[in-house]
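For reference, the structure discussed in these notes is given below.
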Amino acid sequence: MDIIKMENISKLYKSGQIQVEALKDISIVIQEKEFVSIMGPSGSGKSTLLNVIGCLDHATKGSYELSGRSVDKLNDSKMSEVRNEFIGFVFQNFHLLPSLSAIKNVEIPLIYRGVNGRIRKELAENALRLVGLDDRMHHLPSQLSGGQQQRVAIARAIVGNPAMILADEPTGALDTKTGNKIMELFIELNNEKNMTIVQVTHEENIAEFGSRIIRLVDGELVSDTRK
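Position in the sequence shown counted from 1, then plus 1157, gives you our numbering.
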């Protein structure tokens, strides 16, 4: 089943009299359980595309269906609901709250869903176990290594059992060895939990962990290769 169906997506940004076309007539279909890497140099439009996929931004034109639901005309409130229901986000710089322990950071998406405290705690513990942080649940981010912080961020992304994980340069702040371990965790989530994963990266070796590589140049889709 298709989880992402984009047809003729374009994104224009205007600054005064200047108009920049960040995405140009992009059509992509991604099926459930795929692990897709989006590659391109700086300014190629890959983060813009991820923002549209993640319902963080609207395309200027074109159509977008997420799990069979048209989302391109939704208002901000409905877009937020879709994000909370379908998508887990992982970012380059972790975005953990420094004053909260690992488990409290992981609970945050469940608070927005209105899940009660006991169940939140149980689900957060399970997510942290899944990413191998059984013994770090009550540590603050400052007490964790970069790789451990990214694992907390991944636990936060998966705690609500989303259909899809979107990752924006998930290894960008990590050394090569730690980055590879994060990719191995993504492969595990993809294979064993059947989570669809779409990641943006400019690193060829990281892109190769995906089973499909989409390449952008100057806002245009120039290749789409399955292994």
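Every residue gets a Cβ at the ideal spot worked out from N, C-alpha and C, and that includes glycine.
Assigned secondary structure, residue i (DSSP; H/G/I helix, E/B strand, else coil)
| i | result |
| --- | --- |
| E1191 | coil |
| K1261 | helix |
| K1384 | coil |
| T1328 | coil |
| R1270 | coil |
| S1368 | coil |
| S1172 | strand |
| S1302 | coil |
| V1379 | strand |
| G1336 | helix |
| R1356 | The residue you asked about is not Arg; residue 1356 is Gln in the sequence shown. Q1356 falls in the strand class under three-state DSSP. |
| N1250 | coil |
| K1162 | strand |
| M1236 | helix |
C-alpha gap between residue i and residue j, whole angstroms
| i | j | result |
| --- | --- | --- |
| E1377 | R1286 | 40 Å |
| K1278 | R1270 | 14 Å |
| D1229 | Y1221 | 6 Å |
| P1327 | Q1356 | 8 Å |
| L1257 | L1297 | 6 Å |
| I1371 | T1205 | 14 Å |
| I1187 | A1259 | 32 Å |
| E1365 | L1301 | 28 Å |
| E1178 | M1294 | 44 Å |
| S1380 | V1374 | 9 Å |
| S1172 | P1255 | 35 Å |
| I1344 | I1175 | 42 Å |
| R1383 | N1347 | 16 Å |
| L1280 | K1218 | 39 Å |
| A1284 | S1237 | 22 Å |
Anticipated Cβ contact below 8 Å, residue i with residue j, distance rounded
| i | j | result |
| --- | --- | --- |
| T1353 | E1242 | In fact, because the Cβ distance is near 14 Å, the residues do not count as touching under 8 Å. |
| V1263 | A1330 | Actually they do not touch by this definition, with Cβ atoms about 19 Å apart. |
| G1289 | I1339 | Contact flag wrong, Cβ pair sits at about 11 Å. |
| G1367 | S1184 | Incorrect: roughly 19 Å between the Cβ atoms, too far for contact. |
| F1251 | A1314 | Actually they are not in contact, since the Cβ atoms of F1251 and A1314 sit about 11 Å apart, beyond 8 Å. |
| I1160 | E1189 | 5 Å |
| V1309 | L1253 | 6 Å |
**Prompt:** Mind pulling the alpha helix (DSSP H) runs of 4 or more residues that sit fully within the stretch 1194-1233?
**Reply:** Unbroken alpha helix (DSSP H) runs of no fewer than 4 residues, entirely contained in the stretch 1194-1233, are found at 1203-1210, following chain order.
**Request:** Taking 8 Å as the threshold, find out whether the stretch 1197-1205 comes into contact with the stretch 1307-1322 through three or more Cβ pairs.
**Result:** Counting Cβ pairs under 8 Å, fewer than three are found: no touch.
**Asked** Can we say the stretch 1210-1224 touches the stretch 1164-1171, given the rule of at least three CB pairs closer than 8 Å?
**Response** At 8 Å Cβ cutoff, the stretches touch.
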